[in-house]
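Colleague:
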Amino acid sequence: MSDAAPRRRIADDLEPGSLRAELGGAPLPAEPAPEPDGTYVSRMTFTGRGDEYFRIWVVNLFLSIVTLGVYSAWAKVRKTRYFWQNARLDGHVFDFHGNPLAILRGRIVALALVVAYSWGFEFSLAVGFASIAVLLAAGPWLFVKAQQFKFGNTSFRGLRFGFAAAPATGYRIVLPILAVWFSTTVLAAVVPRMSIGWGIALGGASFATILLIPGMHHRLKAFQHGHATYGERRFTFRPALVEFYWVYVKGLALIVIGGILGSLLSAFVAPALTGKADPGGPDWLWFAIGAAVGLTVYVITWPYLAARLQQVVWAHTRMDDVRFRTEITAWPLFKLVLRNVALTLATCGLYWPFAAVALARYRVECMRVDADVPLATIAAGTFARGNIAVGDAAADTFGFDLGL
Amino acid sequence: MTTGAFPGFRFDGRTALAQEVVVTLEARTLAVTAKGGIALERMLLDPARVSERFAAAPRVIALNRGVMLEIPDADGRFDRALAAAGIAATPVQRMQRFWPAAVAALAGLVMIMAAAYVYGVPAAAHWLAWRLPAGFEQKIGDAVLVELDERTFKPSALPAERQAALTQRFASAARAAVPDVAYRLEFRNAEGPTGANALALPGGTIVLLDGLVAMTHDDDALVGVLSHELGHVAGKHSLRQLLQTVGVGALAGLLWGDFSSVIANVPLAFGVLHYSRAFEREADEFALRVLRENGISAHPLDDFLGEMDRRARDKGRAAPPAFLSTHPPTDERRQRLREAAGQ
Chain C
2 MSDAAPRRRI
12 ADDLEPGSLR
22 AELGGAPLPA
32 EPAPEPDGTY
42 VSRMTFTGRG
52 DEYFRIWVVN
62 LFLSIVTLGV
72 YSAWAKVRKT
82 RYFWQNARLD
92 GHVFDFHGNP
102 LAILRGRIVA
112 LALVVAYSWG
122 FEFSLAVGFA
132 SIAVLLAAGP
142 WLFVKAQQFK
152 FGNTSFRGLR
162 FGFAAAPATG
172 YRIVLPILAV
182 WFSTTVLAAV
192 VPRMSIGWGI
202 ALGGASFATI
212 LLIPGMHHRL
222 KAFQHGHATY
232 GERRFTFRPA
242 LVEFYWVYVK
252 GLALIVIGGI
262 LGSLLSAFVA
272 PALTGKADPG
282 GPDWLWFAIG
292 AAVGLTVYVI
302 TWPYLAARLQ
312 QVVWAHTRMD
322 DVRFRTEITA
332 WPLFKLVLRN
342 VALTLATCGL
352 YWPFAAVALA
362 RYRVECMRVD
372 ADVPLATIAA
382 GTFARGNIAV
392 GDAAADTFGF
402 DLGL
Chain E
5 MTTGAFPGFR
15 FDGRTALAQE
25 VVVTLEARTL
35 AVTAKGGIAL
45 ERMLLDPARV
55 SERFAAAPRV
65 IALNRGVMLE
75 IPDADGRFDR
85 ALAAAGIAAT
95 PVQRMQRFWP
105 AAVAALAGLV
115 MIMAAAYVYG
125 VPAAAHWLAW
135 RLPAGFEQKI
145 GDAVLVELDE
155 RTFKPSALPA
165 ERQAALTQRF
175 ASAARAAVPD
185 VAYRLEFRNA
195 EGPTGANALA
205 LPGGTIVLLD
215 GLVAMTHDDD
225 ALVGVLSHEL
235 GHVAGKHSLR
245 QLLQTVGVGA
255 LAGLLWGDFS
265 SVIANVPLAF
275 GVLHYSRAFE
285 READEFALRV
295 LRENGISAHP
305 LDDFLGEMDR
315 RARDKGRAAP
325 PAFLSTHPPT
335 DERRQRLREA
345 AGQ
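This is the structure we're talking about:
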């Protein structure tokens, strides 16, 4: 009991609020005040820095290569923790608790599936169909597991997020999407090559798939945001199918514009490179032109699609009486992406971590959380789900990077 | 001994309520005190449950029963207290914080990637090429030929007796020099710029296009070209090229995995180009050996390459710089042929 005495003495002295400044701690967030309409608006901030993340990135990369990719799972955890622990809402940070072994398992399974899918039909029709059957059977389950891993391992204010969807719901939502996605591959393998029927079937299936992409994307987002949980609270998603299609139609226009711009660009650049205005240039030139056009289309289209879809998705997401919105817009995002791509190319990739931080900062700091009472009040009334305090064991089956 | 007192937040894991607390460190014992001096936790600190230090992020400490602490540490005072308590950064964390170590990691990365690209991937592809089942290579070659037959090739317009004569001529030359290399010669026709060509597919199929036969004035040149292709067959170049492409793709994926696939494919394309140049040189040497063993002069092949080069230039196709070309510069190849012919 000898160490009890100093403890008690310190405890008597310490009145947390009053001693904050004296102890050199960060100032408490200002007392929240509502907007004129009575809404409490909470903004997010991001404190990550490019030079700091550069070192994490380069060490992660080095160790991943040295260990032939095994360390990449640990690298993923370190990177995710860096980004979440630097994202603040209402003075508190997020955190990530993913188990690297689960990520490693997920990566091995994903690699096997990708190899089976891309090479299956090259090998034989039977192997091709077998790999598609495995993907159809396991895909929805894996998708649900991936969401459980991602949400269930993210926490805020000591409570875990979660993904509360039964496997059956996963199959109902994801199976049709997978079926549409594989239809072109299956048709290409089954219908006799180079016949008129082949062209019609393949063209029809590709066209139908393209028409359905906005709907499939919406279906996945609705599934994701409609089953996410925070403690015992549940997120809800109001359908936004028409908005999704509208954004994609305008995005398609940008793809066309980007394609024309990229082609014009290469029409001027290609002769300058070869010294002759001749379409029959060497192969590497065609590759360079293809890459330039692809990159132009990406830089022009992605910011618009990402910004508008983020707006739609968050405007339709709620958690009880907590509302979300993002002030992300296409033009600033376009300028940021253009700058990121240009500097990354100019530095042979070394700017990449700075670009990732800049993009994260913009996206995070555009987020707004609106509520009728201060967030702290809502937090006080938000409880953990069940008696799970340290996370869902089911969340650790597989860790996937689906980029969704 | 008290090493310091730090204000922070405590989350009990049951609600999202943030409780203001003061954390004290006495040696490795961590104590959490709430408003009014109420002692909440007191425990030996487990280094594995303290988050690593990031410049602007708070330190997150997991206590028992789902309790979490969030301790702001902008000035690094808490970090120093942890270090004094014997909870130091791991080697990886120290590496990440220390610029020279990060730069060294970058240098190491560049060297490892360069070594893997120049030596590792080709060696691995070489090793694997002779260990994969023969049926696998044959299957790929057959699939490629079916694909080419459907899209590009037409049946050869050469008279059957001319085909038979060429097949016979090359077979005796190959038998004399390299009897153990199995191959199959196929005749096809193709229009357009690819028409004057010969190619070696995985599994040993050599395709000779009519355009190339029409261009040569001397069958010795044709034997030279076919021997060059036989060199590709003997070295399993097509299969190795394929495996190397996959290998370089995997390397690029490791490096740029989280970036645009466009960027990831740039090193891939350069990789393919680079490797095929090494294979072309090897195939040229193989062709010279076949010609030498048969007492055939390398001059017709040399003249033929010159003719190909002239035609390419006439069509206005400027030769790309050497490092971008799939074939070594023609001048360099002809130089080697002339040297061999002169011996």
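Protein chains in written order, with the numbering used here: chain C, 2 to 405; chain E, 5 to 347.
Every residue, glycine too, gets a C-beta built ideally from N, C-alpha and C.
1) Can a CB atom of chain C be found closer than 9 Å to the CB of E:ARG173?
2) Pull out every residue of the segment 87-98 of chain C whose Cβ sits closer than 7 Å to any Cβ of chain E, in chain order.
3) Out of E:GLU343, E:MET72, E:ALA119 and E:VAL122, which has the shortest C-alpha to C-alpha gap to C:PHE95?
4) So, is the C-beta of C:LEU62 closer than 9 Å to a C-beta in chain E?
5) Per DSSP, which residues does C:HIS93 bridge with? Please list them.
6) Using the C-alpha atoms, what's the distance from E:PHE13 back to C:PHE157?
7) Exposed or buried, which one is C:GLU23 when buried takes at least 16 other CB atoms within 10 Å?
8) Assign E:PHE140 to buried or exposed, taking buried as 16 or more other Cβ atoms, counted over all protein chains shown, within 10 Å of its Cβ.
9) Checking contacts by CB at 9 Å: is E:PRO62 closer than that to chain C?
10) If the cut is a Cβ gap below 9 Å, which residues of chain E does C:PHE384 touch?
11) In its own chain, which residues sit with a C-beta less than 6 Å from the C-beta of E:ASN269, not counting the 5 before and 5 after it?
12) Along chain E, in chain order, which residues have C-beta atoms closer than 8 Å to that of C:ARG381?
13) Does E:GLU343 have its Cβ less than 9 Å from a Cβ in chain C?
14) With a threshold of 9 Å between beta carbons, is E:GLU74 in contact with chain A?
15) Determine which residues share a DSSP beta bridge with C:GLY414 and list them.
16) Which residues in chain E sit within 9 Å of C:VAL59, going by Cβ to Cβ distance?
17) Per DSSP, which residues does E:ALA202 bridge with? Please list them.
18) Is there a Cβ from chain E that is less than 9 Å from the Cβ of C:GLY49?
19) Check whether chain E comes within 9 Å of C:ILE66, counting only Cβ atoms and requiring the distance to be less than that.
20) Could you check if E:LYS158 is buried or exposed, using at least 16 other CB atoms within 10 Å of its CB as the buried criterion?
21) Check whether the Cβ of E:THR334 lies closer than 9 Å to any Cβ atom in chain C.
22) Would you kindly work out how many angstroms separate the C-alpha atoms of C:VAL191 and C:GLY200, rounded to a whole number?
23) Would you tell me roughly how many angstroms separate the C-alpha atoms of E:VAL26 and C:LEU376, rounded to the nearest one?
24) Answer with buried or exposed for C:THR81, where buried requires no fewer than 16 other C-beta atoms within 10 angstroms of its C-beta.
25) Beta-carbon separation of E:VAL125 and E:GLY251 under 9 Å?
26) Return the residue from the list E:THR334, E:VAL54 and E:LEU110 that minimises the CA-CA distance to E:ASP307.
27) I'd like to check one pair, C:MET368 with C:ARG234: are the Cβ atoms closer than 9 Å?
28) For C:ASP52, count the other beta carbons within 10 Å of its own beta carbon; 16 or more makes it buried, fewer makes it exposed. Which is it?
29) Please classify C:VAL115 as buried or exposed, where buried requires at least 16 neighbouring CB atoms within 10 angstroms.
30) Can you tell me the Cα-Cα spacing of E:VAL294 and E:ASP224, whole angstroms?
31) What residues in its chain sit with their C-beta under 7 Å from that of C:LYS77, if we drop five residues either side in the sequence?
32) Return the chain-ordered list of same chain residues with a C-beta closer than 8 Å to the C-beta of C:ALA184, the five sequence neighbours on each side being excluded.
33) Spatial neighbours of E:GLY112 within its chain, please: C-beta separation below 8 Å, excluding the five flanking residues on both sides.
34) In chain C, what lies closer than 9 Å to E:ILE116 by C-beta?
35) Comparing alpha-carbon positions, which option in E:MET219, E:ARG98 and E:ALA59 lies nearest C:TYR83?
36) May I have the straight-line CA-CA distance separating C:VAL338 from E:LEU170, to the nearest angstrom?
Modeller: In short, the structure shows the following:
1) no
2) ASN87, HIS93, VAL94 and ASP96
3) E:MET72
4) yes
5) C:LEU90
6) 12 Å
7) Summary for C:GLU23: the model assigns pLDDT 48, below 50, so the residue's position carries little reliability; its value from the coordinates is reported in the next sentence. Per the 10 Å Cβ criterion, exposed.
8) exposed
9) yes
10) ARG18, THR19 and ALA20
11) Residue confidence for E:ASN269 is low, a pLDDT of 48 falling below 50, so the modelled location carries little weight; the figure read from the coordinates is stated next. Closer than 6 Å at Cβ, skipping near neighbours: no residue.
12) Before going on, a small fix: residue 381 of chain C reads as Ala here, not Arg. By Cβ distance, chain E contributes THR19, ALA20 and LEU21.
13) no
14) Of the protein chains in the structure, C and E, none is chain A.
15) Since the first residue shown for chain C is 2 and the last is 405, residue 414 of chain C is missing from the structure and cannot be characterised.
16) GLN100, ALA106, VAL107, ALA109, LEU110 and LEU113
17) E:LEU212
18) yes
19) yes
20) exposed
21) no
22) 12 Å
23) 23 Å
24) buried
25) yes
26) E:THR334
27) no
28) exposed
29) exposed
30) 11 Å
31) ILE104
32) Looking at the sequence itself, residue 184 of chain C is Ser, so the reference to Ala does not match. Excluding positions up to five away in sequence, the list reads ALA206, ALA209 and THR210.
33) none
34) PHE63, ILE66 and VAL67
35) E:ALA59
36) 59 Å
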